[in-house]
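Novice: Starting off with a structure, shown below.
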Amino acid sequence: MPDSINKRKAEHIQITLNEKVTGNEITTGLERVHFIHNALPEINFSEISIESKFLEQNRPTPFMISSMTGGAAFAETINRNLAIAAEEKGWIFALGSMRALIESEEHRASFQVREYAPSVPIIANLGAVQLNYGFDVDQCRRIIEMSDANALVLHLNSIQEVIQPNGDLNFKDLLVKIEELTKTLGIPVGVKEVGWGIDGRTAKKLCDVGISFIDVAGAGGTSWSQVEKYRSNDPVKRAAAETFSVWGNSTVDCIVSVREEIEEQSIVASGGMYTGLDAAKSIALGADIVGFGRSILKEATQSVEDVMQVMETKELELRMAMFGIGAATIPELHKSDRVIFKRI
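Start counting the sequence shown at 2; every next residue gets the next number (the working numbering).
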């Protein structure tokens with residue numbers, strides 16, 4: 002089993018880098034969102050602040066490196082480059098699924114990046130379904146301790162598990178176990194999807210049992226049924242994966258729906274985020290933090306400098322969008338009346 006986990010992690014990286022892994026006929030919805038340009042912004046561009054808050058802590062940017070990888074040889078290079086860049090730019094760093102950290106000694110270093118990012122928030126990651134397969138609070142604590150993480154995010158990936166060879170399919174009664182974890186773990190616990198989105202009603206149920214943040218991970222970016230399709234030798238599952246390439250709640254619909262249902266908890270917008278303009282739109286719709294994943298993965302395989310350049314580009318684009326509507330701060334962007342929906 003451990004060897005198969007490490008092999009799967011390596012395959013995920015290669016497939017995500019080299020294959021078409023986005024869904025078909027479904028988008029983030031961001032193409033429907035536009036800003037009304039303000040020709041007289043009445044602010045100094047050099048004074049625009051993109052400082053934000055996450056889990057009651059001030060952050061220099063509203064950006065997060067979304068959960069991507071770990072548990073494979075190449076992942077060590079990727080996560081090291083990401084961690085060094087995150088430390089330099091102050092981005093939050095969410096690690097990939099960490100079941101392998103417990104079940105396999107191989108490539109544990111790929112998750113242990115605190116030495117490269119001593120000051121940034123690091124978020125550990127575990128599939129919520131593993132709470133039904135032997136993972137308890139003590140093992141979650143081990144994950145936190147071994148990665149020196151500041152928070153834990155539980156990912157929900159039901160559709161992926163169906164297509165994944167030997168997937169874990171028992172999602173029964175997870176809400177009760179999630180509530181137990183939030184009450185006993187001692188650090189913030191969040192929940193994220195992996196590309197099909199979390200709606201407002203689901204987010205409300207999760208926050209009612211103690212979840213501290215919701216990462217919507219909406220449809221329109223990477224589709225993990227598409228990723229698993231490339232790994233599967235089962236023609237039935239491959240055909241089913243293709244059918245579900247149109248499945249999911251768009252990222253925009255998720256942000257709006259979740260913000261309508263929750264007030265105190267942070268919302269992370271992820272799922273098909275590519276630019277700082279995407280980030281500006283998401284924040285104006287109600288997100289607090291914006292997560293970038295596959296759009297920085299290629300650069301992470303190359304060098305810290307390449308990652309830094311992408312980060313700086315996204316930060317500049319966010320500031321340009323704020324300048325374009327006359328919003329000098331992230332709270333002003335949140336409250337802007339210059340965001341509109343257009344019919345496509």
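All C-beta atoms, glycine included, are put in the ideal place defined by N, C-alpha and C.
Does the ligand GDP have a heavy atom nearer than 7 Å to the CB of Asp-139?
Specialist: The ligand GDP is not part of the structure shown, which contains no ligands of any sort.
Novice: Taking only three categories from DSSP, how would you classify Gly-191?
Specialist: Numbered from 1 along the sequence shown, position 190 holds the residue referred to as residue 191. The answer is strand: DSSP assigns Gly-191 an E or B state.
Novice: Could you tell me whether the stretch 282–290 touches the stretch 300–309, using the rule of 3 or more Cβ pairs below 8 Å?
Specialist: no
Novice: Within 10 Å of its beta-carbon, does Gly-187 have 16 or more other beta-carbons around it, so buried, or fewer, so exposed?
Specialist: Translated into the one-based positions of the sequence shown, residue 187 becomes position 186. Around the C-beta of Gly-187, fewer than 16 other C-beta atoms lie within 10 Å, and the residue is accordingly described as exposed.
Novice: Considering only their Cβ atoms, is the gap separating Val-228 from Lys-16 smaller than 8 Å?
Specialist: For the purposes of this step, residue 16 is taken as residue 15 along the sequence shown, with counting starting at 1. For the purposes of this step, residue 228 is taken as residue 227 along the sequence shown, with counting starting at 1. Here residue 16 turns out to be Ile, not Lys, going by the sequence shown. Yes. Within cutoff.
Novice: Which stretch, first to last residue, makes up the beta strand (DSSP E) that contains Asn-59?
Specialist: Taking the first residue of the sequence shown as position 1, residue 59 is located at position 58. Taken as a continuous stretch (DSSP letters only), the beta strand (DSSP E) holding Asn-59 covers 58–60.
Novice: Enumerate in chain order the residues of its own chain whose CB-to-CB distance from Cys-208 is below 6 Å, with the five nearest sequence positions on each side excluded.
Specialist: As a working mapping, residue 208 is identified with position 207 in the sequence shown. Excluding residues within five positions, the ones whose Cβ falls inside 6 Å are Ile-263 and Gln-266.
Novice: Which same chain residues, not among the five before or five after Val-138, have their C-beta less than 8 Å away from its C-beta?
Specialist: By one-based count along the sequence shown, residue 138 stands at place 137. The residues are Glu-181, Leu-182, Thr-185 and Leu-186.
Novice: Drop a sphere of 10 angstroms on the beta-carbon of Arg-344, count the other beta-carbons inside from all chains shown, and report buried for 16 or more, exposed for fewer.
Specialist: Taking the sequence shown and counting its residues from 1, the one referred to as residue 344 is at position 343. By the neighbour-count rule (16 or more Cβ atoms within 10 Å), Arg-344 is not buried but exposed.
Novice: Leaving out five residues before and five after Ile-85 in sequence, what residues of the same chain have Cβ atoms less than 6 Å from its Cβ?
Specialist: Position 84 of the sequence shown, counted from the first residue, corresponds to residue 85. Tyr-117 and Val-305.
Novice: Assess contact between the stretch 333–341 and the stretch 32–49, defined as three or more Cβ pairs (one per stretch) separated by less than 8 Å. Is contact present?
Specialist: yes
Novice: Return no unless some Cβ of chain E is closer than 8 Å to the Cβ of Val-121.
Specialist: Among the chains in the structure shown there is no chain E, since it carries only a single protein chain.
Novice: Where do the ends of the alpha helix (DSSP H) carrying His-335 lie?
Specialist: Sequence index remark: in the sequence shown, residue 335 carries index 334 (1-based). Here the alpha helix (DSSP H) through His-335 covers 331–335.
Novice: Would the beta-carbon of Ala-150 fall within 8 Å of that of Ser-111?
Specialist: Within the sequence shown, residue 150 is the residue found at index 149, counting from 1. Within the sequence shown, residue 111 is the residue found at index 110, counting from 1. Contact flag unset, no.
Novice: Output the boundary residues of the beta strand (DSSP E) element that contains Met-65.
Specialist: As a position in the sequence shown, residue 65 is number 64, starting the count at 1. Element bounds for Met-65: 64–66.
Novice: By the three-class DSSP mapping on this structure, what secondary structure does Val-217 have?
Specialist: Translated into positions along the sequence shown, residue 217 becomes position 216. Three-state result, Val-217: coil.
Novice: If you check the beta carbons only, do Ala-218 and Gly-196 fall under 8 Å apart?
Specialist: Here the question's residue 218 lines up with position 217 in the sequence shown. Here the question's residue 196 lines up with position 195 in the sequence shown. Taking 8 Å as the Cβ cut-off, Ala-218 and Gly-196 qualify as a contacting pair.
Novice: Near Glu-88, what residues of its chain come up, given a Cβ to Cβ distance below 8 Å and the 5 sequence neighbours on each side ignored?
Specialist: To locate residue 88, count along the sequence shown from 1; it is residue 87. Same-chain partners within the cutoff: Tyr-117, Ala-118, Pro-119, Ser-120 and Val-121.
Novice: With contact counted as at least three CB pairs below 8 Å, one residue from each stretch, are the stretch 308–321 and the stretch 96–111 in contact?
Specialist: no
Novice: Tell me the DSSP secondary structure of Ala-95 in three-state form.
Specialist: Looking up residue 95 in the sequence shown gives position 94. In this structure, Ala-95 counts as strand in the three-state DSSP scheme.
Novice: For Cys-255 versus Gly-168, is the C-beta distance shorter than 8 Å?
Specialist: Position 254 of the sequence shown, counting from 1, holds the residue named residue 255. Position 167 of the sequence shown, counting from 1, holds the residue named residue 168. Gly-168 sits away from Cys-255, with the two beta carbons spaced by 8 Å or more.
Novice: Can you tell me whether DSSP reads Lys-21 as helix, strand or coil?
Specialist: Within the sequence shown, residue 21 is the residue found at index 20, counting from 1. In the structure shown, Lys-21 sits in coil (DSSP, three-state: anything other than H, G, I, E or B).
Novice: Using a Cβ-Cβ cutoff of less than 6 Å, which residues in the same chain neighbour Tyr-231 once the five nearest sequence positions on both sides are dropped?
Specialist: Translated into the one-based positions of the sequence shown, residue 231 becomes position 230. The answer, listed in chain order, is Ile-16 and Glu-20.
Novice: Count the other CB atoms within 10 Å of the CB of Met-2; is the residue buried (16 or more) or exposed (fewer)?
Specialist: Position 1 of the sequence shown, counted from the first residue, corresponds to residue 2. In this prediction, Met-2 has a pLDDT of 46, which is less than 50 and means its spatial position is unreliable; nothing more can be read from the coordinates.
Novice: Under a Cβ-count criterion, where at least 16 other Cβ atoms within 10 Å of its own Cβ denotes burial, should Thr-244 be classed as buried or exposed?
Specialist: On the sequence shown, position 243 is the one that residue 244 refers to. By the 10 Å Cβ count, Thr-244 comes out exposed.
Novice: Note down the Cα distance separating Asp-235 from Phe-324, rounded to an integer number of angstroms.
Specialist: Within the sequence shown, the letter at position 234 stands for residue 235. Within the sequence shown, the letter at position 323 stands for residue 324. So the alpha carbons of these two residues sit roughly 51 Å apart.
Novice: Out of Lys-8, Arg-60 and Asn-82, which one is the CA nearest neighbour of Met-309?
Specialist: Residue 309 sits at position 308 when you count from the first residue of the sequence shown. Met-309 has its Cα closest to that of Asn-82, out of Lys-8, Arg-60 and Asn-82.
Novice: Would Thr-62 be called buried (16 or more neighbouring beta carbons within 10 Å of its own) or exposed?
Specialist: On the sequence shown, position 61 is the one that residue 62 refers to. By the 10 Å Cβ count, Thr-62 comes out buried.
Novice: Exposed or buried, what is Gly-222 when buried is set at 16 or more other beta-carbons lying within 10 Å of its beta-carbon?
Specialist: Counting from one through the sequence shown, the residue named residue 222 turns up at place 221. In the assembly as shown, Gly-222 is a buried residue. Its beta-carbon has 16 or more other beta-carbons within 10 Å.
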